[in-house]
Amino acid sequence: MSDVSLPTYKPKDFATDQDVRWCPGCGDYAVLTAMRKTVANLGVKREDVVFVSGIGCAARFPYYMNTYGAHTLHGRAPAFATGVKLANSALTVFVVSGDGDLLSIGGNHTIHTMRRNIDINIVLLNNKIYGLTKGQYSPTSEVGKITKSTPHGSLDAPMNPIAMAIASGCTYVARSLDVDVKLLTQLLDRGARHRGTSFVEVYQDCNVFNHEAWFYASQKDTRSENTILLEHGKPLVFGKEHENAICRVGDAIEIGSPESDSVLVHDETSIEQAFLLSQLFQPAFPEPLGVFYIDDSQPTYNDMLHEQIDDVKTKHGDVDLQTLVSGSHTWTIR
Amino acid sequence: MTQTSTSQISSVSVRFCGDSGDGMQMVGSQFTDSVATAGNDFATAPDFPSEIRAPKGTIFGVSGFQVQFASTDIHTPGDTVHAMIAMNPAGFKSNIGDVEHGGLVIVNVDEFDKKHLEKCGYAEGYNPLDDEDITTRYKICRVPMSRLTRESLASDEDISVKDIDRCRNMFALGIVCWLYSRDIQPTIERLQHYFGTIKKKPHIADLNVSAIKAGFYFGETAELFPARYEVAPAALPKGEYRRISGNEALVLGLTIASSKADRELFYASYPITPASDVLHGLARLKQYGVRTFQAEDEIAAVMSAIGASFAGDIAVSGTSGPGLALKSEAIGLAVMMELPLIVLNVQRVGPATGMPTKSEQADLLQAMFGRPGESPVIVLAASSPSNCFDMAIEAVRLSTRAMCPVVLLSDGSIANAAEPWCIPDVKQISTIETPKPVAGDANFQPYKRNAETLVRAWATPGIKGLEHRIGGLEKEDGSGNVCYDHENHAKMTSFRSEKIKCLEDVIPELEVEGEGETLVLGWGGTRGTILTAAKQLREDGVQVATAHLHYINPFPKNLGEVLSRYKQVIIPELNAGQLRMLIRNAFLIDAIGISNLSGRSFFVQDLVEKIASVIQGVEA
């Protein structure tokens, strides 16, 4: 009999014997802290947790979590994690990787994992730059980004990870800041408990190649002006003194007074509203943090796969391998 | 009614050809079942276009099915065709060149009208059936199959002409069954089962049955045919038989092997010709617990398989040459992670998209070396449709034993071809032991190796106390931690190749058939042709030995010794000399290659002549 009682974990129980090798001051440290807290409190056994990553600075993550882990290939973490989950659906599976990995080289796998609603948790550490290859622009870099590979400024528009996730059928879509460990832990925890693909975009600071890229959102003095916290059932109010609100006037989104009748109330179950909120960016609007969208009603691919197998097994009753090998039409040579 | 005389013959090769909508694969398959039931040995070769429904009546819409059956042991569908059934001018035009002189050609003369003749490119006013060159060269039998089928199936019931016309193939089958003295009753029963019970269309079953009977009786009464033939049963070993194609055998082999390893089978694939039937076959085996996953692309397919292997499944990803190229980086990851993985490559003609429905053996070097870095994998090759079963089991056994990826090579010709297979007793197939870790081992190290096999343990998530992290970065010997140390890398590189070398002790030695100073060494799907050619050479008084490689990495332990016994080694292959390159490199011998780059297998006769001329050349 297996031991059914759950051990009590502390975050430090998930530290490994490996030295963490991110640059001092990297935003990934905060994410690691939040993740260790999250996993310690999830109510799952250490041996039932798997961390999977692709390639990039963020992709070193599994080495720093004392669980099962796989540091795979560039872009392929969601596909590897899919195989892990389909082979053993009792496992809690996390994918942690960066913007280049999950959105550029691995964009296809990210989309299709979300479409299938595989019950895994994807954490996107978005620093808007290629760190490990030393500073080229990424698919989330802003237009005109001057980097080693774009000395005259990048030409292509950044992609919108939240909008992509919603459009791909992802059933839990959230955004956090690396430095807000409390919020991040809440969002990771809820995502991990959600049945289906969870996606958390983390605004993460690369203090070497793209330092301060998110400071407008993460620093105390500017955060309240430039971000807005999404709380289900609450009006979308922001600003130092809560003096501004997101209002819907006809089809348009505008900034108005919290007193106005048209102030939007956050409904995390509305995909339409989630998509609207995914379009809010600086400088015109504050950028939303929190849960954009959740749909707990969708079946997961992994559950459906096993249900289908069980159904077919029930329908066929006892089967034996000799019958399978013999097939339906045989003849005898005497 | 006069009785047509019946001649006894030892083997015959029949080809059905017509439009891809004419049901040629169906009729070929039914006729094969009928020769199988009669106890003949047989070999089939379907030949279908890539186009699903090319414009009717055109050359590129022609579909064909060839079957050779015999009272002796045979291995190929035959170089030439003894009897051809052409349902339309396009089929006639594109296949007539393969019919032997004096061969029988049965045509559906109703289709040889102005419109259809021109559609397949015959000059205006020309009809090959009126061409003296053709009528003197072949025995042409003109049968108005369309009209006769309509007349025999017409009834008061409300049956569409379209449904009736679709039964022309069964009318043709009836004629052929009569011609070769085949009992049609078993075929009738199969048709009733297929159309009536499975497809739940009893009226279609009735139409098909009426059509085959009509064709059979037509043969009997029309006195159109010069002779009737009989092919006696072959002296096959006693036992219960079924018919099997290479792809079916892979499906069965993988399912049995995972059960023998006491693990679940996970098969991830992206549809690709000619490997898709493996996915289709396994997808129908959920009652055996088989997990199939149609991934978004080739890379996701193999990566999900590696993930499933990490989690403890027998993980397989099937593809063809272009897909193997896309999977190459991931296969390298499995090499580095030292996880079992089986990659099937049902080879087709390359490069790029090549000729998807045609066959070649030109991915051998890709399988061996097509990855970054020193990245050895186990390479196996199946030699016949039924051998795919054995090699699938070997792939699982060796992959789990060595914790290393296997590339198992098949090819389009054995994937779709069928032969009789003496059904194995599943209980007699050995269990497969996998390298299990010790649960709760306080000193567990993910890359600690078994001293004898050099293999690490397969510690899967869910096992308490063995939590560990692996990945594509170089590993430290033992601990598995990321390591950039130079000596360590040299050591790990050597382990990855040495553990494959260790498999030499658990794979069969190479067997040689025949004697002489010349060895013909083959690999893969050309075995049947090579054996047939060697047999003919011996009958012609030419001494020749043959051997066939199923294990390419590692080679059988005795290969070097075997090669050293011969004055010359000839390597026929459907590529520009890939095995020859490996053999020359490994053993420093001047092996002589015979290459065929036509997109189909050797003709036996060609191979006989080429081998003979090499031997004569050396003697001279």
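Read top to bottom, the protein sequences are chains F and D. All the letters of the first sequence, read from the start, carry residue numbers 1 to 334 under the numbering used here. All the letters of the second sequence, read from the start, carry residue numbers 1001 to 1620 under the numbering used here. We treat Cβ as the ideally placed atom computed from N, Cα and C, and that holds for glycine.
Open item on the list: Classify T945 of chain D: buried if its beta carbon has 16 or more other beta carbons within 10 angstroms, exposed otherwise.
Closed with: The displayed coordinates of chain D run from 1001 to 1620. Any statement about residue 945 of chain D would go beyond what the structure contains.
Task: Neighbour list for P62 of chain F in chain D, Cβ cutoff strictly below 8 Å - done: R1469 and G1471
Task: Pick from D:I1299, D:A1036, D:K1056 and D:T1058 that is closest to H339 of chain F, judged by C-alpha positions - done: Nothing about residue 339 of chain F can be read from this structure; chain F reaches only from 1 to 334.
Open item on the list: Residues of the segment 1324–1335 of chain D in Cβ contact with chain F at a cutoff of 8 Å, in chain order, please.
Closed with: E1329, A1330 and L1333
TODO: Inspect the CB distances between the segment 1319–1337 of chain D and the segment 1370–1384 of chain D and report whether three or more fall short of 8 Å.
DONE: Short answer: they touch.
- [ ] Out of D:Q1445, D:K1535 and D:T1006, state which residue places its alpha-carbon closest to the alpha-carbon of E1513 of chain D.
- [x] Comparing Cα positions, the closest option is D:K1535.
TODO: Assign F1048 of chain D to one of three DSSP states: helix, strand, or coil.
DONE: coil
Task: Opening and closing residue of the beta strand (DSSP E) in which W214 of chain F lies - done: Going by DSSP, W214 of chain F is part of no beta strand (DSSP E) at all; its letter is neither H nor E.
TODO: Step through the CB atoms of chain D and report whether any lies within less than 7 Å of the CB of Y68 of chain F.
DONE: yes
Open item on the list: Using beta carbons (cut-off 7 Å, strictly below), is M1 of chain F in contact with chain D?
Closed with: For M1 of chain F, the predicted structure reports a pLDDT of 42, less than 50, and the residue's modelled location is therefore unreliable. The matter cannot be settled from this model.
Task: Beta carbon proximity, F281 of chain F to chain D, threshold 7 Å - done: no
TODO: Report the three-state DSSP secondary structure of A167 of chain F (helix, strand or coil).
DONE: Correct three-state label for A167 of chain F: helix.
Task: First through last residue of the alpha helix (DSSP H) which encompasses Y1217 of chain D - done: P1202 to A1222
TODO: Tell me the start and end of each unbroken alpha helix (DSSP H) in the segment 1379–1451 of chain D that is at least 4 residues and wholly inside, in chain order.
DONE: 1387–1402 and 1412–1416
Task: chain F contacts made by the segment 1019–1030 of chain D, where a contact means CB separation under 8 Å - done: none
- [ ] Determine whether the Cβ of T332 of chain F lies closer than 7 Å to any Cβ atom of chain D.
- [x] For T332 of chain F, the answer is yes, since a Cβ of chain D falls inside 7 Å of its Cβ.
TODO: At 8 Å on the CB atoms, spell out the chain F contacts of D1033 of chain D, in chain order.
DONE: H329
- [ ] Tell me whether I1552 of chain D sits in a helix, a strand or coil according to DSSP, three-state version.
- [x] strand
TODO: Figure out for me which residue from D:F1069, D:P1322, D:T1255 and D:G1061 has the closest Cα to the Cα of A1352 of chain D.
DONE: D:P1322
Task: Where F1602 of chain D sits in the DSSP three-state scheme - done: coil
- [ ] Have a look at D:D1297, D:S1317, D:A1301 and D:V1290 and flag the residue whose alpha-carbon is nearest the alpha-carbon of Q308 of chain F.
- [x] With distances taken between CA atoms, Q308 of chain F lies nearest to D:V1290 out of D:D1297, D:S1317, D:A1301 and D:V1290.
TODO: Residues of the segment 1473–1506 of chain D with a CB closer than 8 Å to any CB of chain F: list them in chain order, please.
DONE: L1473, N1481 and V1482
Task: Environment of N244 of chain F [buried if 16+ CB atoms lie within 10 Å] - done: buried
Open item on the list: Strictly below 7 Å CB to CB, what residues from chain F border R1242 of chain D?
Closed with: S326, G327, H329 and T330
TODO: Give the straight-line distance between the Cα atoms of E1118 of chain D and E1124 of chain D, rounded to the nearest whole angstrom.
DONE: Between E1118 of chain D and E1124 of chain D, the C-alpha separation is close to 6 Å.
Task: Rounded straight-line distance, which links the Cα of I1592 of chain D to that of E1151 of chain D - done: 60 Å
Task: Helix, strand or coil at P235 of chain F according to DSSP, with G and I counted as helix - done: strand
- [ ] Tell me, to the nearest whole angstrom, how far the beta carbon of G191 of chain F is from that of E231 of chain F; I am working on the premise that it is less than 8 Å.
- [x] In fact, because the Cβ distance is near 16 Å, the residues do not count as touching under 8 Å.
TODO: Determine the extent of the beta strand (DSSP E) in which N1585 of chain D is found, giving its start and end residues.
DONE: Note, N1585 of chain D: premise wrong, no beta strand (DSSP E); alpha helix (DSSP H) at Q1578 to F1587.
Task: Cβ of N160 of chain F within 7 Å of any chain D Cβ - done: no
TODO: Tell me whether T38 of chain F counts as near the ligand HEM, meaning its Cβ is closer than 6 Å to at least one heavy atom of that ligand.
DONE: The ligand HEM is not part of the structure shown, which contains no ligands of any sort.
Task: Cα-Cα separation between P283 of chain F and A1362 of chain D, rounded to whole angstroms - done: One C-alpha to the other measures close to 58 Å.
Task: Chain-ordered neighbours of K1238 of chain D on chain F, where CB pairs are closer than 7 Å - done: Under the 7 Å cutoff, chain F gives I333 and R334.
Task: Bridge partner(s) assigned by DSSP for V49 of chain F - done: F:T92
TODO: Under 8 Å Cβ to Cβ from T16 of chain F, same chain only, skipping five residues before and after it: list those, please.
DONE: Y63, Y64, M65 and N66
Open item on the list: If you follow the beta strand (DSSP E) that S1005 of chain D is in, where does it begin and where does it stop?
Closed with: Looking at the DSSP string, S1005 of chain D is not in any beta strand (DSSP E), and its letter there is neither H nor E.
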